[in-house]
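Chemist: Residue numbers (my numbering), protein chains in the order written: chain A, 76 to 293; chain B, 76 to 293. Idealized CB from N, CA, C, for every residue including glycine.
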DNA sequence: TTATAAAATTAGGTTTGCCTAATTTTATAA
DNA sequence: TTATAAAATTAGGCAAACCTAATTTTATAA
């Protein structure tokens, strides 16, 4: 079994490996993702390599092994199921559930994820629009197109959010944007790629390019 | 905030302080309860004393301070609420829930216990018959009379179990004893205080005195 | 009372997972 | 190509929470 910390590294590496940009997963990228010092990451890379959960090549960076990938997906599965539980059953807000699920995802017990999944009615997506891996590790493809990739004049459905920080989610809450909300791109500012959008046909609002990149559409 | 380990010590001390025998809570008693070495307990006694969660007197043993008691009760509260969740919602067996709740009880987040309690419909007792502390720390008195204290010829309702180990609970499952089961004491063996009992008016069964001490009656 | 056993404590050590500071390696740009 | 910046690594350290072995204190029983 893996420790909490090992699990957090696996999850971070998995997340990085899912990024559309397909960049190499470097020591410093992992350090940044976890808020740790790169020196600590070097320690853990050694440990996870010994456990054969990752492979490391200074040139190519870190890659999950088959087992590492399996382990990571099970953590992601638990995280997303618990998020559904917290939102739907305990009525937490969108921006609160991530942090609690960060702790709950590490609870290990035979069948726990499967029973939780059944209890929740086999949800396909978590409250942030991310697909929930099945018990066998299979998962639907994540949404990858962002609002920033949309065309001026186009109208798009919010399918998921890339950033799940409470800052971003609180901002969305303020703008009344949820999964399913329809967003129309009215204009793109050439200078900094800011977007002028209409939310559910409401009045024009300006958002940054960073904002647009973190809204995934379908 | 307290660490997982500190919480486990507080909980163990609380449990010992609830024992009807009212014995002094010694270093070795705590060590035994947690399966740790007495030397480790000495370390932690120092730490919890510094944090003003316990008071220690070599003669009188360990005592929880007001704050220590508060903290301990909140952990017990979470433990028992999660047990209800695991049994009622996830359909785990009686003998499985304790171990999972041991992990879940340490999850900290504003309101978590309160929301869980509400979701579960404000249960009064956990599946082992132990009272669930309320948000304000108040809790019903635990059942304290055991079957071993019963009279020959008397008939008693199983109100709770003292031992929550899966070994004991599996044994109860085999004997078809649950909370609410009626047990009649047919005879007590003078030699070793074994009990001959009838379960829900079924045929005579012999159980040890240790068994009798771990069944609490009302 | 004194010998013995039990309990408590101290001293010193281990592992995990972090850290800082210094150094080495690799990449980038003048 | 060479200077500089960035990234990676090494060396050494720290706190938490355990441990064993040795010692001291306390309790119990002959």
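Along chain A, in chain order, which residues have C-beta atoms closer than 9 Å to that of residue 244 of chain B?
Modeler: None at all; the shortest Cβ gap to chain A is about 16 Å.
Chemist: Step through the CB atoms of chain A and report whether any lies within less than 8 Å of the CB of residue 187 of chain B.
Modeler: True, the Cβ-Cβ gap to chain A drops below 8 Å.
Chemist: Using CA atoms only, rank isn't needed, just tell me which of B/232, B/242 and B/259 is closest to residue 226 of chain B.
Modeler: Ranking the options by Cα distance to residue 226 of chain B, first place goes to B/259.
Chemist: Flag residue 81 of chain B as yes if its beta-carbon sits less than 8 Å from any beta-carbon of chain A, otherwise no.
Modeler: Not one chain A Cβ lies under 8 Å of residue 81 of chain B.
Chemist: Taking only beta-carbon atoms, is residue 296 of chain A less than 8 Å away from chain B?
Modeler: The displayed coordinates of chain A run from 76 to 293. Any statement about residue 296 of chain A would go beyond what the structure contains.
Chemist: For residue 166 of chain A, which residues in chain B fall below 9 Å Cβ to Cβ?
Modeler: Residues of chain B passing the Cβ test: 190, 193 and 194.
Chemist: Reducing DSSP to helix, strand and coil, say where residue 255 of chain A ends up.
Modeler: Coil, per DSSP.
Chemist: Out of B/256, B/165 and B/184, point me to the one whose CA is closest to residue 291 of chain B's CA.
Modeler: Per the Cα distances, B/256.
Chemist: Mind listing, in chain order, the continuous beta strand (DSSP E) runs of no fewer than 3 residues lying wholly within the stretch 132 to 184 of chain A?
Modeler: 136 to 139, all fully within the stretch 132 to 184 of chain A.
Chemist: When the Cα of residue 135 of chain B is compared with those of B/104, B/246, B/81 and B/141, which residue comes out closest?
Modeler: That would be B/104, whose Cα lies nearest to the Cα of residue 135 of chain B.
Chemist: For a test of the three-state rule: what should DSSP assign to residue 128 of chain A, helix, strand or coil?
Modeler: Of the three classes helix, strand and coil, the one that applies to residue 128 of chain A here is coil, per DSSP.
Chemist: Is it the case that the Cβ atoms of residue 85 of chain B and residue 146 of chain B are separated by a distance below 8 Å?
Modeler: Their beta carbons are under 8 Å apart, which means residue 85 of chain B touches residue 146 of chain B by this criterion.
Chemist: By alpha-carbon positions, which one of B/165, B/230, B/176 and B/281 ends up nearest to residue 264 of chain B?
Modeler: Out of B/165, B/230, B/176 and B/281, B/281 has the C-alpha closest to the C-alpha of residue 264 of chain B.
Chemist: Could you check what DSSP says for residue 78 of chain B in three-state terms: helix, strand or coil?
Modeler: Correct three-state label for residue 78 of chain B: coil.
Chemist: In angstroms with no decimal places, state the Cα-to-Cα distance between residue 100 of chain B and residue 97 of chain A.
Modeler: When rounded, the distance between both Cα atoms is 58 Å.
Chemist: Counting only Cβ pairs nearer than 7 Å, list the residues of chain A close to residue 275 of chain B.
Modeler: Within chain A, no residue comes near residue 275 of chain B; the closest Cβ sits about 30 Å away, beyond 7 Å.
Chemist: Going along chain B in order, which residues have a C-beta closer than 9 Å to the C-beta of residue 179 of chain A?
Modeler: Near residue 179 of chain A (Cβ distances below 9 Å), the residues of chain B are 179 and 182.
Chemist: Chain B partners of residue 175 of chain A, CB-CB under 8 Å?
Modeler: Ordered by position in chain B, the residues that pass the 8 Å Cβ test against residue 175 of chain A are 182, 184 and 187.
Chemist: What is the DSSP secondary structure of residue 261 of chain B, reduced to helix, strand or coil?
Modeler: Residue 261 of chain B: strand per DSSP, three-state reduction.
Chemist: Return the Cβ separation of residue 188 of chain A and residue 156 of chain A in integer angstroms, given the expectation that the two are a contact with Cβ distance under 8 Å.
Modeler: Right, the Cβ-Cβ distance comes to about 6 Å (below 8 Å), so this counts as a contact.
Chemist: For residue 138 of chain A, I'd like the list of residues in its chain whose CB is within less than 6 Å of its CB, leaving aside the five on either flank, ordered along the chain.
Modeler: Taken in chain order, the residues that qualify are 130.
Chemist: Bridge partners for residue 280 of chain A per DSSP, in chain order?
Modeler: The partner list for residue 280 of chain A (beta bridge, DSSP) reads A/272.
Chemist: Excluding sequence positions up to five away, which residues of its chain have a Cβ less than 6 Å from the Cβ of residue 214 of chain A?
Modeler: Excluding residues within five positions, the ones whose Cβ falls inside 6 Å are 206 and 208.
Chemist: When you compare only the Cα positions, how much space is there between residue 273 of chain B and residue 250 of chain B?
Modeler: Approximately 10 Å between the Cα atoms of the pair.
Chemist: Identify the continuous alpha helix (DSSP H) that holds residue 103 of chain A and give its terminal residues.
Modeler: Per DSSP, residue 103 of chain A belongs to the alpha helix (DSSP H) from 102 to 109.
Chemist: Can you name the residues that DSSP bridges to residue 231 of chain B?
Modeler: The partner list for residue 231 of chain B (beta bridge, DSSP) reads B/258.
Chemist: Hey, residue 289 of chain A and residue 233 of chain A: beta-carbon distance below 8 Å or not?
Modeler: No, the Cβ-Cβ distance between residue 289 of chain A and residue 233 of chain A is not below 8 Å.
Chemist: Determine the closest residue to residue 179 of chain A out of A/79, A/94, A/164 and A/224, with distance taken between C-alpha atoms.
Modeler: If we check each option's Cα against that of residue 179 of chain A, A/79 comes out closest.
Chemist: Go through its chain and collect everything with a Cβ distance to residue 253 of chain A's Cβ below 8 Å, but skip five positions before and after it.
Modeler: Excluding positions up to five away in sequence, the list reads 169, 233 and 247.
Chemist: Measuring alpha carbon to alpha carbon, tell me which of B/201, B/177 and B/244 ends up nearest residue 150 of chain B.
Modeler: When each option's Cα is compared against that of residue 150 of chain B, the closest is B/177.
Chemist: Are the beta-carbon atoms of residue 102 of chain B and residue 88 of chain B separated by less than 8 Å?
Modeler: For residue 102 of chain B and residue 88 of chain B, no; Cβs fall outside 8 Å.
Chemist: Do you know offhand how far residue 115 of chain B's Cα is from residue 106 of chain B's?
Modeler: If I take the Cα positions, the gap works out to 8 Å.
Chemist: Which partner residues does residue 221 of chain B have in the DSSP bridge list?
Modeler: DSSP lists B/291 as partners of residue 221 of chain B.
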